Structures are given as structure tokens and as C-alpha cells.
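> A single structure is presented below for examination.
There are 2 protein chains.
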Amino acid sequence: MSLPPGMKFNKDGLLVAIVQDSKNHEVLMQAFMNEEAMRLTLATGIAHYFSRSRNTLWKKGETSGHVQYVKEMRVDCDQDAVLLKVEQVGAACHAGFRSCFYRLVGADGSLREEGDKIFDPQQK
Amino acid sequence: MSLPPGMKFNKDGLLVAIVQDSKNHEVLMQAFMNEEAMRLTLATGIAHYFSRSRNTLWKKGETSGHVQYVKEMRVDCDQDAVLLKVEQVGAACHAGFRSCFYRLVGADGSLREEGDKIFDPQQK
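Just so you know, the protein sequences line up as chains A and B, in that order. For our numbering, count along the first sequence from 1 and bump the result up by 901. For our numbering, count along the second sequence from 1 and bump the result up by 901.
Shown next as C-alpha cells:
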């Protein structure tokens, strides 16, 4: 599988991946991809990322079953970020919410939960 | 202005900002924020970022007029990314497209333009 010419991975070999629900357009999460993750995502149609905390390739949902089927991949103008439109199985967030962006920031810096909770991580 | 406690700026003092149209939910661009940019965005309701290429604070649209009025800010589970829902004046992309993500990536790595072009950067 070929990557588009001119992709700009940063000094750590990564680029930003933004993940959006292909149906309701909710932004679900943000992750990073290395070349291998991008290649595997294009080849399989299933989202793969690079986990910085575990320093390894990461097939999203491999243990949880919450995989992401990629319907569309886009690249931004300077080719250091990609946008995936996905069909999300279950929840994107390990905290049990459908989207990782489940907290609103107030003008005073306060945080307030507002999002669909799909599962309780304590019950896993 | 206070930032939410526990924000995780990276070793360069930055976090990922994802910018989404508050009305049609199109993902418009991806940028980075430092603490000052996040504070100014919360204080003014107008999107500010940190430009890595120019190594300076960047008020989006300061020269082009293509400012972003922030309707909502969200933070992700590990607090190293924010999502801005904005009212975009003009186009988010310097290439003239409404969204920076104006190119689709094919499974073979090919790129195809598909996006709303708002202005011709050659005519500016």
C-alpha cells in the first residue's frame, strides 16, 4: 500500500489523526498515526494508531471490541493531519462515553460533563 | 482567566486543537494551542493558536479577516486535546477552501480534491 506523496510525519514519526462519526458527524477522539498505522488503516479499512504511552502500534478496539470502520480518510493542506470518518462500534472513549470530548469548558475554566455514556468502565 | 485544572501541554508547551463548524459540523482545521492561546480563546471567544512555523501566538484571521467565533470548547479524556465549535468567517484554509481537509485519500494513496472553495488565493 502506498501513502500519498508528501505526508509530513513529525520528528517522532507521527501525525495527528482526528476521528469523526461518519453518520452524526460527532468528533469522537484524537490520536496519532505513524507510517505503519496509516498504511494498515488504508489497507484494512479499520483504524490503526500509534500509542505514545505504550510506544507501539495500536489497533483501536483490539481488546475492547470498539473498532472503527473507516468510511473516508482526508488529509489537510499541509499534510501533517488526517481526518477519519468512521463507523464506531460501541464507544470511542475508554471512560465509557461515545466521544472522548465529553466535557465542556466554561469561560471560567470549569468543566461540565455532557455526552452519551455507552458503558460503565467500572463494570468491565 | 483560569484554565481547567489538569490540562496536559506537551514538552513543547502545546496541545492539539480540532476546529469544527458549529452549524454543519464539518471539521475545518487542526492547529496547536499553548497556554496563552487557550487563555485568550476563553477570554475573548475568538480562536487563538500557536503557530509552530512562525513560533508565535496567532489570532486566526488577524490578517485575512477569516476569524473564528468560538461557540463551544470541549476537552478530551486525557486533557491533551481540545475541540472548538466555531462560526467560521470566510474560509478556514489558506488554500481557499472552507476546510483544510479538502482532499480525500484513496485506498491506493491517491489524493482527490472534494471541498467548497471560497476564494482563490492567487487573487488575494
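Just so it is clear, CB atoms sit at the ideal spot from N, CA and C, and this is done for glycine as well. Small disclaimer: the values here were computed from a predicted structure and weren't measured.
Compare the C-alpha of B:S1112 against each of A:D979, A:E988 and A:F998 and name the closest.
Summary: the structure shown does not reach residue 1112 of chain B, with chain B confined to residues 902 through 1025, and so no result is reported for it.
> Between B:D913, B:V917 and B:T942, which lies nearest to B:L904 when the distance is taken from Cα to Cα?
Residue numbering aside, residue 904 of chain B sits at position 3 when the second sequence is read from its first letter. It is B:T942.
> So, do the region 932 to 942 of chain B and the region 952 to 959 of chain B have three or more beta carbon pairs nearer to each other than 8 Å?
Enough Cβ pairs lie closer than 8 Å, so yes.
> Step through the CB atoms of chain A and report whether any lies within less than 8 Å of the CB of B:H949.
Taking the second sequence and counting its residues from 1, one reaches residue 949 of chain B at position 48. With 8 Å as the cut-off, B:H949 does not count as an interface residue toward chain A.
> Where does B:L904 sit, in a helix, a strand or coil, going by DSSP?
What you label residue 904 of chain B is simply residue 3 of the second sequence in a count that begins at 1. Residue state, collapsed to three classes: coil.
> Have a look at A:E988, A:G1007 and A:R1013 and flag the residue whose alpha-carbon is nearest the alpha-carbon of A:K924.
On the first sequence, position 23 is the one that residue 924 of chain A refers to. Closest option to A:K924, Cα to Cα, is A:E988.
> Thinking B:L916 and B:A982 are a contact (beta carbons under 8 Å), I'd like their distance in whole angstroms, please.
What you label residue 916 of chain B is simply residue 15 of the second sequence in a count that begins at 1. What you label residue 982 of chain B is simply residue 81 of the second sequence in a count that begins at 1. About 6 Å; that satisfies the 8 Å criterion.
> I need the boundaries of the alpha helix (DSSP H) containing A:A938, first residue and last residue.
Taking the first residue of the first sequence as 1, we reach residue 938 of chain A at position 37. Taken as a continuous stretch (DSSP letters only), the alpha helix (DSSP H) holding A:A938 covers E936 to T945.
> Around the Cβ of A:G986, are there at least 16 other Cβ atoms within 10 angstroms (buried) or fewer (exposed)?
Looking up residue 986 of chain A in the first sequence gives position 85. Reading the sequence as shown, one finds Lys at residue 986 of chain A and not Gly. Its Cβ being crowded by 16 or more others within 10 Å, A:K986 is buried.
> Which residues, in order along the region 994 to 1007 of chain A, keep a beta-carbon less than 8 Å from a beta-carbon of chain B?
Residues passing the 8 Å Cβ filter: C994, H995, A996, F998, C1001, F1002, Y1003, R1004, L1005 and V1006.
> Taking 8 Å as the CB-CB cut-off, is B:D1009 touching chain A?
Start at 1 with the first residue of the second sequence, and residue 1009 of chain B comes out as number 108. Judged by the 8 Å Cβ criterion, B:D1009 is in contact with chain A.
> Look at the alpha carbon of B:I919 and the alpha carbon of B:T964, and state the distance between them as a whole number of angstroms.
Taking the second sequence and counting its residues from 1, one reaches residue 919 of chain B at position 18. Taking the second sequence and counting its residues from 1, one reaches residue 964 of chain B at position 63. Whole-angstrom Cα-Cα distance: 21 Å.
> Return the residues of the region 949 to 969 of chain A that lie within a Cβ-Cβ distance of less than 7 Å from chain B, sorted by chain order.
Cβ contacts with chain B: none found.
> Please list the partners that B:Q921 has in chain A, where partner means a Cβ-to-Cβ separation under 7 Å.
Along the second sequence, one-based indexing puts residue 921 of chain B at 20. Neighbours of B:Q921 on chain A, chain order: V928.
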